[in-house]
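A.B. asks: Please read through the structure below; I'll follow up with questions.
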Amino acid sequence: MISVNEALGRVLALANPPEGESVALDQAAGRVLHEAAISRLTQPPFDSAAMDGYAYHHADQGQPLRVIGESAAGHPWTGTPASGTAIRIFTGAAVPPGYDRVEMQENTRRDGDMLTITEPSAGAHIRSRGCDFSEGDRIEPGRVLSAADIALLAGMNLPQVTVARRPKVAVLAGGDELIRPGENPAAGQIICSNDLAVAAIARAAGAEPEILPIARDTEDSIRESFDRAKTSDLLVTIGGASVGDHDLIGKVASALGMERSFYKIAMRPGKPLMAGKISGMAMLGLPGNPVSAIVCATLFMRPLIQAMQGLPAQRPIRRARLTHPLPPEGDREHYLRAQLLPGDDLPAITAFDRQDSSLLSVLSKADALLIRPPHDPARKAGEIVEYMPLFH
Ligand SMILES: Nc1nc2c(c(=O)[nH]1)N[C@H]1C(S)=C(S)[C@@H](COP(=O)(O)OP(=O)(O)OC[C@H]3O[C@@H](n4cnc5c(N)ncnc54)[C@H](O)[C@@H]3O)O[C@H]1N2
Ligand code: MOO
């Protein structure tokens, strides 16, 4: 069995290089920038007023000024400044060369055409040309575009950007016991839940997931499902990964020529994880236990989907203080479902008592996975441990 870190490295190596596609800005939030975006404009394009008031020249401060024009946003003044003059100006309007101050109107008194600055501000209240960004400035690729990025790209006059194509992820649940939510379970049947969760994690990571019909526990059914997935970038199977007579995923994958990257890792839950490539398509075989499937999707599928879009690999590992003692660990890295509360210096973390890998009700209450390395000795309350935040 290989370590979690080793497995993660091998999973990330399955990612093909991302491909770009051009999208309109209103579709670009949350996507990964694939090519550098290069500004077509300088912003602001002219020295611009930061307040509603009057533009004047600093040298004329202290004397009455004659108001000789007006500059509003979208309607620049075209006259010529002269000494002893001012113009009415509004926020966002161009400040004509020749004036170097804008006084807010609250600090002035106006009498006909004549203006007195009653209380000169310390600052100029002028945003100089290019103080935000300049033509040719770049936003580098390999980042998820935020709402602020979209606004910046718009300001740069870029109506479209090249983002990484969303990886197509086929999600395949298998098992004769599985039926869809809403159906009536017969004896021995349960509701298929894992594929919905895995697809949700895939979508949140930027993929375009497709949930395939549930495969039955026959080689033919599984082969048929693999065939449906062949135009995907990644096939994620759930269940049938262990050693039972009906666990056929590995067998079918091998028969279809899977180049296996690994099978089984020193991790709890998630031991029977499988990874590899079939005809250029990446494949992850998740264990069927619901918590195992969701934890493995979080730890391995999510970073793989991010790598497929050109994002750097990052494991969001943080530190917290234990609220209770923990027993020594065995030979697998253990990811315990846990709850976080605010603490003095670090958050306080409490692992749930019940850690069976079938318990969705416990996972749903958890906001963290408390990480225990293989052979970690017993821990006391108050000791610092590592955790990974869940689902946010
Ligand atoms: N003799 C051994 N038995 C098992 C071992 C082992 O090492 N030796 N490992 C155990 C571990 S650890 C895990 S994890 C499971 C994984 O087994 P599979 O990947 O073959 O999963 P299944 O047997 O298909 O299912 C396990 C469990 O999960 C339920 N399930 C499966 N798919 C779904 C789904 N889409 N939605 C909801 N629930 C699902 C399934 O009904 C089973 O209850 O193997 C252990 N056994
Ligand atoms: O690896 Mo299994 O996931 O421990 O239940």
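Reading the sequence shown from the start, the letters are residues 1 to 392 in full-length UniProt numbering. Every residue gets a Cβ at the ideal spot worked out from N, C-alpha and C, and that includes glycine.
Per the contact definition of three or more C-beta pairs closer than 8 Å, is the segment 13 to 33 in contact with the segment 157 to 166?
C.D. replies: Touching, yes.
A.B. asks: With distances taken from CA atoms, which of 361, 319, 33 is nearest residue 145?
C.D. replies: Among 361, 319, 33, the Cα nearest to that of residue 145 is on 33.
A.B. asks: Consult DSSP for residue 422 and reduce its assignment to one of helix, strand or coil.
C.D. replies: The structure shown does not extend to residue 422, since the chain spans only 1 to 392, so no value can be given for it.
A.B. asks: Within 10 angstroms of its Cβ, does residue 13 collect 16 or more other Cβ (buried), or is it exposed?
C.D. replies: Residue 13 should be labelled exposed.
A.B. asks: Which two residues bound the contiguous alpha helix (DSSP H) that contains residue 180?
C.D. replies: Note, residue 180: premise wrong, no alpha helix (DSSP H); not H, not E.
A.B. asks: Excluding sequence positions up to five away, which residues of its chain have a Cβ less than 7 Å from the Cβ of residue 23?
C.D. replies: So the list reads 31, 160, 161, 163, once near-sequence residues are dropped.
A.B. asks: Please report how far the alpha carbon of residue 81 lies from the alpha carbon of residue 60, in whole angstroms.
C.D. replies: Their Cα atoms are separated by approximately 12 Å.
A.B. asks: On a CA-only basis, which of 207, 233, 191, 201 is nearest residue 214? Give me that one, please.
C.D. replies: Considering only alpha carbons, the answer is 191.
A.B. asks: Would you check if the distance between the CB atom of residue 173 and the CB atom of residue 195 is smaller than 8 Å?
C.D. replies: Yes, they are a contact pair.
A.B. asks: Anyone know if the C-beta pair for residue 285 and residue 250 falls short of 8 Å?
C.D. replies: Yes, the Cβ-Cβ distance between residue 285 and residue 250 is below 8 Å.
A.B. asks: For the alpha helix (DSSP H) holding residue 197, just list the boundary residues, first then last.
C.D. replies: Where residue 197 is concerned, the enclosing alpha helix (DSSP H) stretches over 194 to 204.
A.B. asks: For the beta strand (DSSP E) containing residue 260, name the first residue and the last one.
C.D. replies: Note, residue 260: beta strand (DSSP E), 259 to 263.
A.B. asks: For residue 289, does the count of other Cβ atoms within 10 angstroms reach 16, so buried, or fall short, so exposed?
C.D. replies: With 16 or more Cβ atoms within 10 Å of its Cβ, residue 289 is classed as buried.
A.B. asks: Is it true that the CB of residue 206 sits closer than 8 Å to the CB of residue 305?
C.D. replies: Yes. Within cutoff.
A.B. asks: Out of 220, 258, 43, which has the shortest C-alpha to C-alpha gap to residue 246?
C.D. replies: Among 220, 258, 43, the Cα nearest to that of residue 246 belongs to 220.
A.B. asks: Would you mind stating whether residue 125 and residue 73 have Cβ atoms separated by less than 8 Å?
C.D. replies: No. Outside cutoff.
A.B. asks: Can you determine whether any heavy atom of ligand 1 sits closer than 7 Å to the C-beta of residue 271, and answer yes or no?
C.D. replies: For ligand 1, at least one heavy atom lies less than 7 Å from the Cβ of residue 271.
A.B. asks: Could you tell me the boundaries of the beta strand (DSSP E) in which residue 220 lies?
C.D. replies: That residue, residue 220, is in no beta strand (DSSP E); its alpha helix (DSSP H) goes 219 to 228.
A.B. asks: Any contact of the segment 263 to 275 with the segment 218 to 232, i.e. 3+ C-beta pairs under 8 Å?
C.D. replies: No: fewer than three Cβ pairs fall under 8 Å.
A.B. asks: Distance, Cα to Cα, residue 76 vs residue 97?
C.D. replies: Approximately 12 Å between the Cα atoms of the pair.
A.B. asks: Name, in chain order, the residues that DSSP records as bridge partners for residue 334.
C.D. replies: Answer by DSSP bridge pairing, in chain order: 268, 372.
A.B. asks: Rounded to a whole number of angstroms, what is the C-alpha to C-alpha distance between residue 334 and residue 35?
C.D. replies: Answer to the nearest angstrom: the Cα atoms are 39 Å apart.
A.B. asks: Taking a contact to mean a Cβ-Cβ separation below 8 Å, would you say residue 53 touches residue 103 in this structure?
C.D. replies: For residue 53 and residue 103, yes; Cβs fall inside 8 Å.
A.B. asks: Can you tell me where the alpha helix (DSSP H) holding residue 366 begins and where it ends?
C.D. replies: Counting along the chain, residue 366 falls outside any alpha helix (DSSP H), and DSSP gives it neither H nor E.
A.B. asks: From the DSSP secondary-structure annotation, give me the bridge partner or partners of residue 133.
C.D. replies: Looking at the DSSP assignment, residue 133 forms a beta bridge with 43.
A.B. asks: Check whether the Cβ of residue 268 sits closer than 7 Å to any heavy atom of ligand 2, and report yes or no.
C.D. replies: Yes, the beta carbon of residue 268 sits closer than 7 Å to at least one heavy atom of ligand 2.
A.B. asks: What separation, rounded to the nearest whole angstrom, lies between the Cα atoms of residue 4 and residue 356?
C.D. replies: About 20 Å.
A.B. asks: Does the beta-carbon distance from residue 386 to residue 319 come in below 8 Å?
C.D. replies: A contact, by the Cβ cut-off of 8 Å.
A.B. asks: Taking C-alpha atoms, which residue in 39, 18, 267, 241 lies nearest to residue 329?
C.D. replies: Nearest option by C-alpha distance: 267.
A.B. asks: So, at 7 Å on beta carbons, what are the nonlocal neighbours of residue 203 in its own chain, with the 5 sequence-adjacent residues on each side left out?
C.D. replies: Answer for residue 203: 209, listed in chain order.
A.B. asks: Which class does residue 214 belong to by DSSP, given the choice of helix, strand or coil?
C.D. replies: DSSP places residue 214 in coil when its eight states are reduced to three.
A.B. asks: Please list the terminal residues of the continuous alpha helix (DSSP H) segment that includes residue 250.
C.D. replies: From DSSP, the alpha helix (DSSP H) with residue 250 extends over 249 to 255.
A.B. asks: So what does residue 71 bridge to, in DSSP terms?
C.D. replies: Answer is 89.
A.B. asks: Beta carbon of residue 236, beta carbon of residue 198: below 8 Å?
C.D. replies: For residue 236 and residue 198, yes; Cβs fall inside 8 Å.
A.B. asks: Checking 8 Å against the spacing of the C-beta atoms, do residue 65 and residue 78 come in under that value?
C.D. replies: For residue 65 and residue 78, no; Cβs fall outside 8 Å.
A.B. asks: According to DSSP, is residue 189 part of a helix, a strand, or is it coil?
C.D. replies: It is coil, neither helix nor strand.
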